[in-house]
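Here the sequence shown is numbered in our numbering, starting from 5 and rising by one per residue.
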Amino acid sequence: MRALRLTAWGEPATPTEVERPVPHGTEVLVRVEAAGLCHSDLHVIDGAPGALPYRLPFTLGHEVAGRATALGPDAEGVTAGQRVVVYGPWGCGACDRCAAGRDNYCDRRDTLPWHGVGLGRDGGMAEYLLVPSARHLVPIDDLPAVQAAPLSDAGLTSYHAVAGLRDALGEGSTAVVIGVGGLGHLAVQILRATTASRILAVDVREDALALADRSGADFGTLVRADTARVLRTRSGGAGADAVLDFVGTDRTLELAISILRPGGVLAVVGSGGGRLTVAKPGVLPPGFRLSLPFWGTRPELAEVIGLARSGAIRVETERFPLSAAPEAIGRLRRGQVRGRAVLVP
Ligand code: NAD
Ligand code: ZN
Ligand code: ZN
C-alpha cells in the first residue's frame with residue numbers, strides 16, 4: 005500500500021510502497037478514507053535529530069477517519085465495516101488516566117511524551133492504518149470522513165482547550181483567538197457553540213480573518229502595531245478574559261499577555277517555540293493563569309463528533325489526493341491552506 009513515510013529528519017516525506025499490515029490480538033485494520041494535515045506535521049518533519057522522542061521511520065498522519073475492515077481475534081467493541089474516527093493519543097491503556105479515556109495525559113510520560121498515531125508510530129497518511137485497540141475508535145456513522153478526520157485533532161484539541169477555559173467565559177466575557185488556521189477556525193466555532201463569550205480573532209492573513217468571520221467571530225484584525233489597543237477596545241475596554249494562542253511564538257505570547265485582563269487565562273496551543281517568563285512583579289497580570297493543553301480526551305472526541313453531526317461546527321477543508329501530499333505540505337508551509345488540508349488515499 006501507499007504511505008507517506010518520514011525517513012530522515014528535515015527531509016521531505018514522500019509517498020512510498022509498504023506492506024499492508026495485518027491485525028493481530030486486539031488490533032483493528034482501518035481502511036483510511038481521509039487524513040488531515042496538521043501544522044504539527046511540519047514541526048515533526050523539521051524536527052532536529054533527537055529533538056522529538058520518536059524513532060524513524062514512521063508513517064505520518066494523526067487525524068484519521070475511515071472504515072474498520074479487519075479485526076484481530078481479540079478485538080472487541082467494533083464491527084467490521086463500521087465507520088470510525090481514530091482517537092489519536094495512544095496511552096499505555098493501563099493507568100487510571102487511560103482507563104478514563106484521558107490517554108492525552110497518560111501517566112507513563114517517561115515512555116510516551118507527546119506521542120500517538122502518526123507521532124512516532126505509524127499513522128494514517130496511507131491506504132490502511134493499524135490501530136492497537138478498538139478503544140481508540142469512535143463511531144462516526146454517516147459523517148463524511150473528510151469532516152471527521154480533522155475533528156480528531158484540530159476539532160478535539162480546540163474543544164479541549166476551550167473546555168479548560170469555560171469558567172472564564174461567561175456572559176459578557178471576551179475570548180481572543182490568535183491564529184485562525186486548521187485549529188483556530190474550529191476554536192471560533194466551538195467558542196460560539198459552547199460559551200457566551202464575545203469572540204475576537206487575530207491573524208496575519210486576510211483570508212484567515214474571512215474564515216474567522218464565517219466561523220462566527222464577532223471581530224477580526226490583522227497583526228499590526230496597534231493590535232493590542234484595538235482588541236482591548238473591542239473587548240469593551242477591560243481586555244480579554246481568555247486568550248487561545250494557536251501560534252505560540254514570542255510575538256504572539258507577548259500580544260496575548262498584553263491584552264489579558266487581571267485574572268485572565270492563557271491557553272498556549274501552538275508549538276511555535278516562544279517563551280514566557282514568570283516573574284513577580286512582572287508583565288503577567290495579577291491572577292494570571294496558564295493552560296498548556298495537549299490534544300483531548302476520548303469522551304470529548306465523541307462530543308465533538310456530536311457537535312459536527314448536529315451541524316453546530318463544520319471544518320473548512322481543502323482536499324488533496326495522497327499522492328499530492330508533498331504539494332499540500334508545501335502549501336501549508338507557505339500559509340496557503342484555508343482551514344484544513346485533508347489527504348484522500
Ligand atoms: P495552521 O498553519 O493551519 O494555522 C496557523 C494560523 O496562524 C494561520 O492562519 C496563520 O496565518 C496564523 N499565524 C501565523 N503566524 C501568526 C502570527 N504571528 N500572528 C497571528 N496569526 C499567525 O496551523 P494548525 O494546524 O492550526 O496548528 C496551529 C498550532 O497548534 C501549531 O503550532 C501546531 O503544532 C499546534 N498544535 C498543537 C496541538 C496541541 O495538542 N497542543 C495540537 C495540534 C496542533
Ligand atoms: Zn496535530
Ligand atoms: Zn496510561
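All residues carry an ideal CB built from backbone N, CA and C; glycine is no exception.
With a threshold of 16 other CB atoms inside 10 Å of the CB of R323, please say whether the residue is buried or exposed. exposed
Please report the distance separating the alpha-carbon of R338 from that of G29. 43 Å
Going along the chain, which residues put their C-beta within less than 7 Å of some heavy atom in ligand 3? Those residues are G95, C96, G97, A98, C99, R101, C102, D107, C110, D111 and R112, given in chain order.
By alpha-carbon positions, which one of A229, A39, A191 and V180 ends up nearest to A328? A39
Between E175 and the rest of its own chain, which residues show a CB-CB distance below 8 Å, the 5 nearest in sequence each way excluded? A200
Report the rounded CA-to-CA distance for L204 versus V227, giving the unit in angstroms. 12 Å
Got a sec? Which residues, its chain only, sit under 7 Å from V282 by beta carbon, not counting five neighbours each side? L288
Alpha carbon of D285 to alpha carbon of P297, nearest angstrom: The sequence given here has Pro at residue 285, not Asp. About 26 Å.
Own chain residues within Cβ distance below 7 Å of L147, not counting five before or after: Taken in chain order, the residues that qualify are I309, A312 and R313.
Specify, as a first and last residue, the run of the beta strand (DSSP E) that V192 falls within. Unbroken run through V192 is the alpha helix (DSSP H), G186 to T198; no beta strand (DSSP E).
So, are the CB atoms of D254 and G278 less than 7 Å apart? yes
Element boundaries [beta strand (DSSP E), containing A39]: V32 to L41
Considering just the uninterrupted stretch of the alpha helix (DSSP H) at G70, what are its terminal residues? Careful: G70 lies outside any alpha helix (DSSP H), inside the beta strand (DSSP E) at E67 to L75.
For P16, count neighbouring Cβ atoms within 10 angstroms of its own Cβ and tell me buried if that reaches 16, exposed if not. exposed
For D249, is the beta carbon positioned less than 6 Å from some heavy atom of ligand 2? no
Shorter than 6 Å, the distance from the beta carbon of D157 to the closest heavy atom of ligand 2, or not? yes
Give the DSSP bridge partners of E21, in chain order. R6
I need the boundaries of the beta strand (DSSP E) containing I144, first residue and last residue. Looking at the DSSP string, I144 is not in any beta strand (DSSP E), and its letter there is neither H nor E.
For a test of your reading of the model: does the CB of L187 fall under 6 Å from any non-hydrogen atom of ligand 1? Yes or no. yes
So the candidates are R87, G76, R125 and V82; which of them puts its Cα closest to the Cα of P57? R125
For S262, is the beta carbon positioned less than 6 Å from some heavy atom of ligand 1? no
For a minimum of 4 consecutive residues, which ranges assigned as the alpha helix (DSSP H) are wholly contained in the stretch 247-297? Listed in chain order, the complete alpha helix (DSSP H) runs (minimum 4 residues) inside the stretch 247-297 are 254-263.
On a Cα-Cα basis, can you pick out the residue from R342, D157, E307 and G315 that is closest to T321? Ranking R342, D157, E307 and G315 by Cα distance to T321 puts R342 first.
Nearest by alpha-carbon distance to A229: which of T256, G241, V348 and A242 is it? T256
Starting from A312 and walking both ways along the beta strand (DSSP E), at which residues does that stretch end? No beta strand (DSSP E) contains A312, which is instead part of the alpha helix (DSSP H) from R302 to R313.
Taking Cβ positions, are A216 and V184 nearer each other than 7 Å? yes
Expected contact under 8 Å - CB spacing of G105 and R302 to nearest Å: 3 Å
Where does T178 fall in DSSP's three states? strand
Whole angstroms is fine: what's the gap from V251's alpha carbon to G240's? 25 Å
R101, DSSP secondary structure in three states: helix
Can you list, in chain order, the residues of its chain whose CB lies under 8 Å from that of A158, leaving out five sequence neighbours each side? G40, C42, E67, G186, L187, L190, V319 and R344
Tell me the DSSP secondary structure of L155 in three-state form. helix
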